[in-house]
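Enquirer: Before I ask anything, here is the structure I am working with.
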Amino acid sequence: MKKLAYLAAALVMPWTAAAQNSRGRLTLTPRIGMTVSDFACCPIHDQYGPKAGFIAGADLEYSLSRTFSLSAGLFYSMQGARENAVMLTTFTQTPDQETIYTGPAGSTLRIVTGKNAHIDFDRDTSPGYFYLTSPRIHLSYISVPVTVQAHVWKGLALRLGAQWDHLASAHMKAKQETKINGTVRFGDYDRNIRKEFHKDAVAIPIGVSYNYKNIELDARYLWGVTKIADTNDPDDKEVMNSTFAITLGYRFHL
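Structure (structure tokens):
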């Protein structure tokens, strides 16, 4: 009987030790990766499309038990969308750079939306024009996710929580073609549009991660639940973020 008791104790002790070691464990996981983002809930569904971006940061994780843990992170994430539109401004007098986007006096502004949007016009006979193509909306956020992880299998964990995003910058960038005083120039257009977006947003991160020898691959969908556009435009004021992020990290035990 004593031998049987010793054997049972020997079998149980490693599991008990593992449970004790895992509970209260603190880890730090720096991560770097990419995002694929788009806008959701827009009345004009074809107006926007997905664009790629960059994400970097770290998660601090505390083990509540062998199965559950709680983490808080700090990230820099690039979100936004590709805008399926082109814009042509033709004018008869030379505009300045401050008014050229909205259209100077004596100008005609045309905007065409759609996945294959383009505008045909005679570049040779036009006295002057400003043509924007391939516009992209770049939103840079400082993000703080707080999530609960369920470790469902060896190295595999599911993630659910809430994320606060603070807008660091917002730019509309595009390819630019301009004809002024008979001279045609090509370049990049960059316009600060931070005033057109709310400073803060909230998202729900839903994800899965796999850890092997402290190397962790993490995939999350960031489901935006708050409106991000600070505008009266009925086509844009319902817009929310929709972002998929995939990162590679290394886990340090503290």
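Sequence positions in the sequence shown follow mature numbering (1 follows the signal peptide of the UniProt record, and there is no 0) and run -19 to -1, 1 to 235.
Idealized CB from N, CA, C, for every residue including glycine.
Since the model is a prediction, treat every value here as computed from it, not as a measurement.
In whole angstroms, give me the CA-to-CA distance for A16 and G109.
Expert: It is worth fixing the name first, because residue 16 is Thr in this sequence and not Ala. When rounded, the distance between both Cα atoms is 38 Å.
Enquirer: Can you grab the Cα-Cα spacing for the pair W134 / T114, in whole Å?
Expert: Looking at the two C-alpha atoms, the distance is approximately 48 Å.
Enquirer: Could you give the C-beta distance for S223 and D27, rounded to a whole number, given that I count them as a contact under 8 Å?
Expert: Contact doesn't hold; Cβ gap of about 15 Å is too wide.
Enquirer: Put R12 into one of helix, strand or coil per three-state DSSP.
Expert: Note: R12 maps to strand in three-state DSSP.
Enquirer: Considering only C-alpha positions, which residue in the set A155, T159, V165 is nearest to R172?
Expert: The shortest Cα separation from R172 among A155, T159, V165 belongs to A155.
Enquirer: Between the C-alpha atoms of L41 and S124, what's the straight-line distance to the nearest angstrom?
Expert: Computed Cα separation, rounded: 14 Å.
Enquirer: With DSSP as the reference, label R232 as helix, strand or coil.
Expert: In this structure, R232 counts as coil in the three-state DSSP scheme.
Enquirer: Would you mind working out which of D169, A143, T8 sits nearest Y43, comparing C-alpha positions?
Expert: Residue T8 is the option with its Cα nearest to Y43.
Enquirer: If you reduce the DSSP assignment to three classes, tell me which class K218 lands in.
Expert: Coil.
Enquirer: Closest by CA to F72, which one among Q144, N192, S107, W145?
Expert: Nearest option by C-alpha distance: S107.
Enquirer: Looking at the secondary structure, which residues open and close the beta strand (DSSP E) in which E197 lies?
Expert: First-last of the beta strand (DSSP E) with E197: 196 to 205.
Enquirer: For the putative contact between F49 and Q130, defined by C-beta atoms under 8 Å, what is the C-beta separation to the nearest angstrom?
Expert: Sure, about 7 Å apart at Cβ, within 8 Å.
Enquirer: To test your reading of the DSSP string, which unbroken beta strand (DSSP E) runs of 3 or more residues are found completely within the region 122 to 154?
Expert: The qualifying runs do not exist here; there are none.
Enquirer: Pairing CB atoms from the region 141 to 158 with CB atoms from the region 176 to 195, are three or more of them under 8 Å?
Expert: They touch, by the three-pair rule.
Enquirer: For E79, count the other beta carbons within 10 Å of its own beta carbon; 16 or more makes it buried, fewer makes it exposed. Which is it?
Expert: In this predicted model, E79 has a pLDDT of only 45, less than 50, meaning its place in the structure is not dependable enough to derive any value.
Enquirer: Note down, in chain order, each residue of its chain lying with its Cβ closer than 7 Å to the Cβ of T228, except the 5 sequence neighbours on either side.
Expert: Around T228: R12, I13, G14, I36, D199.
Enquirer: By the DSSP assignment, the beta strand (DSSP E) with I36 in it spans what residues?
Expert: Where I36 is concerned, the enclosing beta strand (DSSP E) stretches over 32 to 44.
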